[in-house]
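S.K.:
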Amino acid sequence: MDGSWPRDRILHPRGAAGASFGTAPAAARVLDAGMGLAVARRTVFRPEDTEDFGRVADRVAAGNMGLLGAQADGTEQARLRNAIASGALITSGRHLQHGDAAQSRRNMEVFTNCATAAASFTLFYLLLNGSGVGRAYDDELMAVDWGQAPRLLLHIDPAHPDFPADRAALHRFGLDFSLLPWGTTLEAFSAAQEAELRDWLAREVLSDAAQVPAGAIRHAVEDSREGWAKAVELLESLAFEGAADRTLLLDFSAIRPCGAPIGGMQGRPASGPLSLMRGFVNLRREVIEPSRLRDPDGEALQPWEQALLVDHHLSVEVQVGGARRAARMATKSWRDPGILRFIRAKSEGGLWTANNSVMADAGFWDGVRAAQAGSEAPLHRHALTVFDEATRCGYINGEPGFINGDKLEDHRTGSAWSKPVHEDGRDVRSARYQANHAVSLLAEISRRANASSFPVTTNPCGEITLHVTGGYCVIADFAPLLACPVDRTTLTPGDLPDDLAREWDARVEDSVRLGVRFLMRANLMDALYGEEVRRTNRIGIGPTGLHEWAWMRFGLGFDDLLEERHSAEFWALLSRLSAAAKDEAADYATELGVAVPVTVTTVKPAGTTSKLFGLTEGAHLPARRQYLRWVQFKGHRSEDGGWSADSDRLLTDYEARGYPVRELQSFPGMAIVGFPTLSLIQRLGLGDRLVTASQAAPESQYRWLSLLERHWIGAERGNQVSYTLKIMTDRHDLAAFREMVLEHQPRIRCCAILPSRPDHELGYEYLPEEEVSSDRFLELVAGISDPALHEAVDYAHLQCASGACPI
Numbered sequence: 070m071d072g073s074w075p076r077d078r079i080l081h082p083r084g085a086a087g088a089s090f091g092t093a094p095a096a097a098r099v100l101d102a103g104m105g106l107a108v109a110r111r112t113v114f115r116p117e118d119t120e121d122f123g124r125v126a127d128r129v130a131a132g133n134m135g136l137l138g139a140q141a142d143g144t145e146q147a148r149l150r151n152a153i154a155s156g157a158l159i160t161s162g163r164h165l166q167h168g169d170a171a172q173s174r175r176n177m178e179v180f181t182n183c184a185t186a187a188a189s190f191t192l193f194y195l196l197l198n199g200s201g202v203g204r205a206y207d208d209e210l211m212a213v214d215w216g217q218a219p220r221l222l223l224h225i226d227p228a229h230p231d232f233p234a235d236r237a238a239l240h241r242f243g244l245d246f247s248l249l250p251w252g253t254t255l256e257a258f259s260a261a262q263e264a265e266l267r268d269w270l271a272r273e274v275l276s277d278a279a280q281v282p283a284g285a286i287r288h289a290v291e292d293s294r295e296g297w298a299k300a301v302e303l304l305e306s307l308a309f310e311g312a313a314d315r316t317l318l319l320d321f322s323a324i325r326p327c328g329a330p331i332g333g334m335q336g337r338p339a340s341g342p343l344s345l346m347r348g349f350v351n352l353r354r355e356v357i358e359p360s361r362l363r364d365p366d367g368e369a370l371q372p373w374e375q376a377l378l379v380d381h382h383l384s385v386e387v388q389v390g391g392a393r394r395a396a397r398m399a400t401k402s403w404r405d406p407g408i409l410r411f412i413r414a415k416s417e418g419g420l421w422t423a424n425n426s427v428m429a430d431a432g433f434w435d436g437v438r439a440a441q442a443g444s445e446a447p448l449h450r451h452a453l454t455v456f457d458e459a460t461r462c463g464y465i466n467g468e469p470g471f472i473n474g475d476k477l478e479d480h481r482t483g484s485a486w487s488k489p490v491h492e493d494g495r496d497v498r499s500a501r502y503q504a505n506h507a508v509s510l511l512a513e514i515s516r517r518a519n520a521s522s523f524p525v526t527t528n529p530c531g532e533i534t535l536h537v538t539g540g541y542c543v544i545a546d547f548a549p550l551l552a553c554p555v556d557r558t559t560l561t562p563g564d565l566p567d568d569l570a571r572e573w574d575a576r577v578e579d580s581v582r583l584g585v586r587f588l589m590r591a592n593l594m595d596a597l598y599g600e601e602v603r604r605t606n607r608i609g610i611g612p613t614g615l616h617e618w619a620w621m622r623f624g625l626g627f628d629d630l631l632e633e634r635h636s637a638e639f640w641a642l643l644s645r646l647s648a649a650a651k652d653e654a655a656d657y658a659t660e661l662g663v664a665v666p667v668t669v670t671t672v673k674p675a676g677t678t679s680k681l682f683g684l685t686e687g688a689h690l691p692a693r694r695q696y697l698r699w700v701q702f703k704g705h706r707s708e709d710g711g712w713s714a715d716s717d718r719l720l721t722d723y724e725a726r727g728y729p730v731r732e733l734q735s736f737p738g739m740a741i742v743g744f745p746t747l748s749l750i751q752r753l754g755l756g757d758r759l760v761t762a763s764q765a766a767p768e769s770q771y772r773w774l775s776l777l778e779r780h781w782i783g784a785e786r787g788n789q790v791s792y793t794l795k796i797m798t799d800r801h802d803l804a805a806f807r808e809m810v811l812e813h814q815p816r817i818r819c820c821a822i823l824p825s826r827p828d829h830e831l832g833y834e835y836l837p838e839e840e841v842s843s844d845r846f847l848e849l850v851a852g853i854s855d856p857a858l859h860e861a862v863d864y865a866h867l868q869c870a871s872g873a874c875p876i
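Following the numbering used here, the numbering of the sequence shown begins with 70 at its first residue and continues without gaps.
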């Protein structure tokens, strides 16, 4: 159902009796024991929250409503607070983490999950702020030849606390900069290696700024996210201008030491100057110098490959920045000559920091079929070659995926090509950051985008459509199950009194409407892409915990949902909620005097937010029945066998309680904690009607996606559904995999496909989720001293999950 649903068919107009969460402070929902509490401690709770989700709701609602200033409505703030506290409106993890009374004084990038970038410096800046960033590496968008960058010199004051002055610091420096074989111990660190490292430092990192040649450009890197990005902007703009005959000195001396707190990230530890310096060393060594080579017998790096490498090396330094892991999407047009190298870039080139996808369209899929039928047309043969290579790599490694570029929202409305080209840099300008060096570069990229084949791409998880030159979409989850007005344990699934069903549905709608307004207020914040936000006002609200809601409200399992006649009431309600979201967006846009949002509905992955309450994530089926959820923490063992001083303090606590804890070898400096997990859906008594991701046929999952696209996303003002479809390679060989992709992928907008083998065959050091038997699961739980976990996970729950519920 699309946004044209008649107003008189909306369930409840805003403010109608029975549709409100009320204004008296309601008790907060208790987080899911074990995993939910662990996620909250790691990403949501502040010390002042005292692990009370109600306090989180208080500050998040206050911060969001405060964006209206004196016009803020106290009644709406109270209702918003209650919706968040109940879990019915979970917003997104970024808002739960950063939302507070100071929100109006912060930049929008900190609150934005989804973004795109067309230049490396904007991508780096957004990653440093925590945004997930997509970038299109199409040939027609590449305006920079990094081989034309200036000679790059680096400097740090030897008096800086992080300068590798003593032997131990030099040893750590050598490991971090890949100048020593990994695993070299301090005891095995030889005098010759030490001398070689000191020689490298003297040659590659100037200790005396007076050594800089006359006429060099000197730039002191400021100690802020903006300062780090500005250094990249300067270098990138000089490469665009063709400054290979010039010299640039970057001075890192002003950056705070490693481990110092970052105030804007709730005191999380800074990664220090050496991390950023390492990024620039890698740019110089892996990109700039190789790109200067013009060996006619060699294969020079193409501009798109240069950009891909630059973004990878910068992203690595965000990974260790103490705030979050970098999240990126990299896309490239199937028509580009270098597409085969792009397809292999991740598996062969080690570029692991992005999700890679081939941007396809109807011409691609038609070409594949035509070539399979015998066509010798060059473009058809090219399409088949691309398809075969992408599916070969995808079957082995899970990437690249396919995105149907001609199904993205902007291709239907034409709004992508109507984005104006600004010659003055105003489209990359906020109170915190103003592009100045790269103004001409940005204008050139904008001109190229206006004539490109694919002027839009997606965020890292694929659910948001954004202009390739830069844009945002703020997103939020609503959990319809958690809007239930009574204790759900008193209900018989699918058999509700009519008045209770109406009240529940009204509360779901109210959470959707409150969520739409919440997101539109977030779009009022100061933003780097302020011009694009004003033009499109994109938002994305979507459901999570769909399967639990379908069962408790309608008595429907996954297989039932695919039978549209049998589940008509469920799909009709979802369609009406979609219409309500779009109706509210249009009304509120008029009230605020802003553009009607170009997009409103989406389904995001909801990984963090769903775990808070043990829900299935977004549109996904439950991954497993009972399992260990392994979560990464910063940490490594000290010589006494305990955890080092710079390790996450939670490791000591979890290990003392008996949780499984392991130090990783494949990710040095990281450790994992295993949380016994029995998701909520497995405690609801579905029995054999519970379908996990590995049990569902691929065709069924594609059917599920198409229904969600039709009823929730809609034909207008909708984004996409983020979904990862698991294909078990012990059941589907490569030929069957290719046949399935060619049959189903062209019919939907976007779907990631992850070929998987049984856990024991994969050979990885660890997987995020490890399924265990019921007996082993109970053994693990019994060995953990955590009353909250025991309360949530017991033998009765396991019996219910397996279909033998004693009730």
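Glycine is no exception: its CB is placed at the ideal position from the N, C-alpha and C atoms.
From R571 to G463, what distance separates their C-alpha atoms?
M.R.: Start at 1 with the first residue of the sequence shown, and residue 571 comes out as number 502. Start at 1 with the first residue of the sequence shown, and residue 463 comes out as number 394. The alpha-carbon atoms of R571 and G463 are separated by roughly 46 Å.
S.K.: Taking 6 Å as the limit between beta carbons, can you name the residues of its chain near A439, skipping five residues before and five after?
M.R.: Along the sequence shown, one-based indexing puts residue 439 at 370. Excluding positions up to five away in sequence, the list reads H449.
S.K.: If you drop the 5 nearest sequence neighbours on each side, which residues of the same chain put their C-beta closer than 8 Å to that of D457?
M.R.: Position 388 of the sequence shown holds residue 457. Taken in chain order, the residues that qualify are R807.
S.K.: Which of the three DSSP states, helix, strand or coil, is assigned to M594?
M.R.: Indexing the sequence shown from 1 puts residue 594 at position 525. Three-state result, M594: coil.
S.K.: Would the beta-carbon of A97 fall within 7 Å of that of G132?
M.R.: Looking up residue 97 in the sequence shown gives position 28. Looking up residue 132 in the sequence shown gives position 63. No, these two residues do not count as a Cβ contact at 7 Å.
S.K.: Quick one: grab the DSSP three-state call for Q789.
M.R.: Looking up residue 789 in the sequence shown gives position 720. Correct three-state label for Q789: strand.
S.K.: Report, in whole angstroms, the separation of the C-beta atoms of R287 and L318, which I expect to be a contact under 8 Å.
M.R.: Your numbering for residue 287 matches position 218 in the sequence shown. Your numbering for residue 318 matches position 249 in the sequence shown. Contact holds; Cβ gap of about 5 Å.
S.K.: Taking only runs that begin and end inside the region 432-495, name each unbroken alpha helix (DSSP H) of 4 or more residues, in chain order.
M.R.: Runs of the alpha helix (DSSP H) inside the region 432-495: 447-466 and 478-482.
S.K.: Looking at T185: is its Cβ nearer than 7 Å to the Cβ of G203?
M.R.: Along the sequence shown, read from residue 1 onward, the residue named residue 185 stands at position 116. Along the sequence shown, read from residue 1 onward, the residue named residue 203 stands at position 134. Yes.
S.K.: With which residues is C819 paired in a DSSP beta bridge?
M.R.: Sequence index remark: in the sequence shown, residue 819 carries index 750 (1-based). Answer by DSSP bridge pairing, in chain order: I472.
S.K.: Just the Cα atoms here: how many angstroms apart are P666 and Y194?
M.R.: Reading the sequence shown from its first residue, position 597 is the one you call residue 666. Reading the sequence shown from its first residue, position 125 is the one you call residue 194. Roughly 25 Å separates the two Cα atoms.
S.K.: With M621 as the anchor, note down where its alpha helix (DSSP H) starts and where it stops.
M.R.: For the purposes of this step, residue 621 is identified with residue 552 of the sequence shown, where counting begins at 1. Note, M621: alpha helix (DSSP H), L615 to F623.
S.K.: Per DSSP, what kind of secondary structure is T670 in: helix, strand or coil?
M.R.: The residue labelled residue 670 in the question sits at position 601 within the sequence shown. Correct three-state label for T670: strand.
S.K.: Which residues in the same chain have their Cβ closer than 8 Å to the Cβ of L720, if we skip the five residues on either side of it in sequence?
M.R.: What you label residue 720 is simply residue 651 of the sequence shown in a count that begins at 1. The residues are F702, G704, W712, V730, A740 and V742.
S.K.: Distance check for E732 and G710, CA to CA, integer angstroms please.
M.R.: In the sequence shown, counting from the first residue as 1, residue 710 sits at position 641. In the sequence shown, counting from the first residue as 1, residue 732 sits at position 663. For G710 and E732, the distance between alpha carbons rounds to 11 Å.
S.K.: Thinking C-alpha only, which one of V213, V125 and D142 is nearest E660?
M.R.: Here residue 660 corresponds to residue number 591 of the sequence shown, with the count starting at 1. Among V213, V125 and D142, the Cα nearest to that of E660 belongs to D142.
S.K.: When the distance is taken between beta carbons, is Y657 closer than 7 Å to R586?
M.R.: Counted from its first residue, the sequence shown places residue 586 at position 517. Counted from its first residue, the sequence shown places residue 657 at position 588. It is a contact, given that the beta carbons lie within the stated cut-off.
S.K.: Helix, strand or coil: how does DSSP classify D320 here?
M.R.: Here residue 320 corresponds to residue number 251 of the sequence shown, with the count starting at 1. Note: D320 maps to strand in three-state DSSP.
S.K.: Examine the Cβ distances between the region 503-510 and the region 550-561 and report whether three or more of them are shorter than 8 Å.
M.R.: Segments in contact, no.
S.K.: For the beta strand (DSSP E) containing I741, name the first residue and the last one.
M.R.: By 1-based counting over the sequence shown, the position of residue 741 is 672. Where I741 is concerned, the enclosing beta strand (DSSP E) stretches over M739 to L747.
S.K.: Quick one: is H635 buried, meaning 16 or more other Cβ sit within 10 Å of its Cβ, or exposed?
M.R.: Mapped onto the sequence shown, residue 635 falls at position 566. With fewer than 16 other Cβ atoms within 10 Å, it is exposed.
S.K.: Can you tell me the Cα-Cα spacing of P230 and E653, whole angstroms?
M.R.: What you label residue 230 is simply residue 161 of the sequence shown in a count that begins at 1. What you label residue 653 is simply residue 584 of the sequence shown in a count that begins at 1. Roughly 54 Å separates the two Cα atoms.
S.K.: Taking a contact to mean a Cβ-Cβ separation below 7 Å, would you say R607 touches T678 in this structure?
M.R.: In the sequence shown, counting from the first residue as 1, residue 607 sits at position 538. In the sequence shown, counting from the first residue as 1, residue 678 sits at position 609. Not closer than 7 Å, so no.
S.K.: Just mark W620 as buried or exposed, buried being the case when its beta carbon has 16 or more other beta carbons within 10 Å.
M.R.: For this step, residue 620 is matched to residue 551 along the sequence shown. It is buried - the Cβ of W620 has at least 16 other Cβ atoms within 10 Å.
S.K.: Does DSSP put S707 in a helix, in a strand, or in coil?
M.R.: The residue labelled residue 707 in the question sits at position 638 within the sequence shown. Residue state, collapsed to three classes: coil.
S.K.: Answer with buried or exposed for I610, where buried requires no fewer than 16 other C-beta atoms within 10 angstroms of its C-beta.
M.R.: Translated into the one-based positions of the sequence shown, residue 610 becomes position 541. I610 is buried by the Cβ-count criterion.
S.K.: For A170, collect the residues of the same chain with a Cβ closer than 8 Å to its Cβ; drop the 5 residues on either side in sequence, then sort them by chain order.
M.R.: Position 101 of the sequence shown holds residue 170. These residues qualify, in order along the chain: R128, A131, G132 and G135.
S.K.: Decide if D844 is buried, meaning its Cβ has at least 16 other Cβ atoms within 10 Å, or exposed.
M.R.: For the purposes of this step, residue 844 is identified with residue 775 of the sequence shown, where counting begins at 1. Looking at its Cβ environment, which holds fewer than 16 other Cβ atoms inside 10 Å, D844 is exposed.
S.K.: Return the first residue and the last residue of the beta strand (DSSP E) that P612 is part of.
M.R.: Along the sequence shown, one-based indexing puts residue 612 at 543. First-last of the beta strand (DSSP E) with P612: I608 to P612.
S.K.: Please report how far the alpha carbon of N505 lies from the alpha carbon of G296, in whole angstroms.
M.R.: Within the sequence shown, residue 505 is the residue found at index 436, counting from 1. Within the sequence shown, residue 296 is the residue found at index 227, counting from 1. Going from the Cα of N505 to the Cα of G296 covers about 13 Å.
S.K.: Is W373 near D546, with beta carbons less than 7 Å apart?
M.R.: The sequence position of residue 373 within the sequence shown is 304, counting from 1. The sequence position of residue 546 within the sequence shown is 477, counting from 1. No; because the gap between Cβ atoms is not below 7 Å, this pair is not in contact.
S.K.: Following the continuous beta strand (DSSP E) through L129, name the residue where it begins and the one where it ends.
M.R.: Numbered from 1 along the sequence shown, position 60 holds the residue referred to as residue 129. The sequence given here has Val at residue 129, not Leu. Here V129 belongs to no beta strand (DSSP E); instead the alpha helix (DSSP H) covers F122 to M134.
S.K.: What's the gap between the Cα of Q814 and the Cα of D320?
M.R.: Against the sequence shown, residue 814 aligns to sequence position 745. Against the sequence shown, residue 320 aligns to sequence position 251. Whole-angstrom Cα-Cα distance: 49 Å.
S.K.: Compute the beta-carbon to beta-carbon distance between V537 and A205, rounded to the nearest angstrom, for a pair I have assumed lies under 8 Å.
M.R.: What you label residue 537 is simply residue 468 of the sequence shown in a count that begins at 1. What you label residue 205 is simply residue 136 of the sequence shown in a count that begins at 1. Sure, about 5 Å apart at Cβ, within 8 Å.
S.K.: Mind checking which residues open and close the beta strand (DSSP E) that includes F349?
M.R.: Sequence index remark: in the sequence shown, residue 349 carries index 280 (1-based). F349 -> not in any beta strand (DSSP E); alpha helix (DSSP H) instead, spanning P342 to N351.
S.K.: Taking its Cβ as the centre, do 16 or more other Cβ atoms sit within 10 Å of Q770, making it buried, or is it exposed?
M.R.: Along the sequence shown, read from residue 1 onward, the residue named residue 770 stands at position 701. Flag for Q770 reads buried.
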